[in-house]
Amino acid sequence: MPGKFEKRSARLLALFLALIMVGSAIAIAFRGMGPSKMETRSVKFSFKTFNEWLKCVPPTDEVIYVSLKNCTNATLWNYLQRVMDNNMISGFFEPVSFTTPIQRMLIAFYPNGLLYLVDINMSKMVATGEKVNVNGIDVWVKNVNIYNRYYEVAATPEISPAIVGTAPQVEESIKAITSNTTNMEELVGNYTAKIPGNFNAAFVFYGKKAESILQMNNTPYGDFYFAGIRMNGSLFEKVVAIHFIQPGGFVESNNTSSEFAHYWVKNYVNESLSVAVMDSGNLTKILNAEPEMRVISVQWNKAILHKGNGNVSK
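In terms of our numbering, the sequence shown has 190 at position 166, counting the first letter as 1, and numbering is strictly consecutive.
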């Protein structure tokens with residue numbers, strides 16, 4: 025029969041083993057309470073840059089692009105968030121949910137709908153509705169009431185950026201990606217390739233929409249307009265590009281040069297494309313800034329020289 029000392033040793037050993045087991049359980053529990061791993065999604069196609077995103081966009085005459093990535097200036101951030109909020113119709117996002125904040129967004133406008141390209145990195149996206157397949161891409165379609173009218177809204181997480189919008193536009197976007205149908209990169213890529221750098225915001229007008237905006241004396245002088253906003257050090261920078269359909273181009277004069285911290289123009293004569301870069305410490309001034317230009321319009325066999333600044337509102 026074991027003595028008292030042996031009994032006490034057995035109890036201490038049992039207590040010691042119990043403490044080890046409890047300690048292991050606590051360690052496992054706390055390890056489980058650490059930062060959870062972000063759920064990711066698998067994609068079949070991935071596009072990174074603005075020009076690559078244009079390959080996902082069926083032909084349209086108006087595109088808005090917003091990027092919050094690497095934006096550390098509070099004034100610019102607030103402006104970008106305002107542009108995004110003003111163009112993000114909540115009804116289109118009712119059938120989807122994201123697990124991370126939106127970092128970049130492109131909005132393409134159509135007479136009968138909208139198309140959104142949404143950058144959420146590779147994080148998980150949940151879509152609800154009827155599941156259909158378009159050219160090998162799974163798409164969820166759902167009837168949604170937007171402003172007292174029902175729309176078929178479609179979404180797919182199988183492409184990066186994620187695609188959301190009215191069903192016909194989402195279908196055409198997928199076809200542009202999978203079947204190489206006409207897209208905006210084909211239409212304006214020759215112009216945007218000559219516009220240097222990346223942007224926090226970009227506004228693109230093309231075709232008839234651009235012609236309705238780019239006018240002097242009721243005569244269209246351009247069919248492509250690009251305005252990009254970004255930071256250049258501590259300065260706000262705007263880059264404007266126009267494709268002229270009348271003889272013309274941007275000019276640099278003492279008046280325009282003195283208005284900005286930096287002012288630079290380049291005319292691609294063979295392509296009838298002009299690019300201007302303007303810097304200022306005032307965001308409002310940059311948003312309203314337009315380069316100085318000269319345009320010659322031919323009317324009834326008379327050449328008329330127009331001087332002035334483009335006037336395009338955002």
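We put the beta carbon where it would ideally sit given N, CA and C, even for glycine.
Checklist entry - CB residue 115 to CB residue 169, shorter than 8 Å? => result In the sequence shown, residue 115 corresponds to position 91, counting from 1. In the sequence shown, residue 169 corresponds to position 145, counting from 1. The answer is yes: Cβ separation under 8 Å.
ask   = So what does residue 173 bridge to, in DSSP terms?
value = Looking up residue 173 in the sequence shown gives position 149. Per DSSP, the beta-bridge partners of residue 173 are 170.
For residue 48, which residues from the same chain have a beta carbon less than 7 Å from its beta carbon, with the 5 sequence-adjacent residues on both sides left out?
For the purposes of this step, residue 48 is taken as residue 24 along the sequence shown, with counting starting at 1. For residue 48, the pLDDT reaches just 42, beneath the cut-off of 50, and the residue's location in the model is therefore unreliable, although a value from the coordinates is still provided. Nothing listed; no residue qualifies.
Practice prompt. Name the two residues that bound the continuous beta strand (DSSP E) containing residue 237.
Written response: As a first step, residue 237 must be located in the sequence shown, where it is residue number 213. Residue 237 -> not in any beta strand (DSSP E); alpha helix (DSSP H) instead, spanning 231-237.
- Task: Please name the residue or residues paired with residue 243 in a DSSP beta bridge.
- Result: The count along the sequence shown starts at 1 and reaches residue 243 at position 219. Residue 243 is bridged by DSSP to 240.
**Item:** the region 100-110 contacting the region 67-81, beta-carbon criterion three pairs below 8 Å
**Value:** No: fewer than three Cβ pairs fall under 8 Å.
Looking at chain C, is there any beta carbon in it that lies within less than 8 Å of the beta carbon of residue 301? No chain C is part of this structure, which consists of one protein chain only.
Residue burial classification, residue 267 (beta-carbon count within 10 angstroms, cutoff 16):
As a working note, residue 267 is residue 243 in the sequence shown. Taking all protein chains shown into account, residue 267 has 16 or more neighbouring C-beta atoms within 10 Å of its C-beta and is therefore buried.
For residue 208, I'd like the list of residues in its chain whose CB is within less than 6 Å of its CB, leaving aside the five on either flank, ordered along the chain. Here residue 208 is taken as the residue at index 184 of the sequence shown, counted from 1. Within the same chain, residue 208 has close Cβ partners 78, 81.
Rounded distance between the beta-carbons of residue 149 and residue 191, thought under 8 Å: The residue you call residue 191 lines up with position 167 of the sequence shown. The residue you call residue 149 lines up with position 125 of the sequence shown. In fact, because the Cβ distance is near 17 Å, the residues do not count as touching under 8 Å.
* Give, in chain order, every unbroken run of the alpha helix (DSSP H) that is at least 4 residues long and sits entirely within the region 134-221. => DSSP assignment within the region 134-221 yields the following whole alpha helix (DSSP H) runs of 4 residues or more, N-terminal first: 191-202, 208-216.
Return the residue from the list 110, 255, 132, 93 that minimises the CA-CA distance to residue 125.
Mapped onto the sequence shown, residue 125 falls at position 101. Checked all of 110, 255, 132, 93; the closest Cα to residue 125 is 93.
Look at the alpha carbon of residue 293 and the alpha carbon of residue 171, and state the distance between them as a whole number of angstroms.
Position 269 of the sequence shown, counted from the start, is the residue given in the question as residue 293. Position 147 of the sequence shown, counted from the start, is the residue given in the question as residue 171. A direct Cα-to-Cα measurement between residue 293 and residue 171 gives close to 47 Å.
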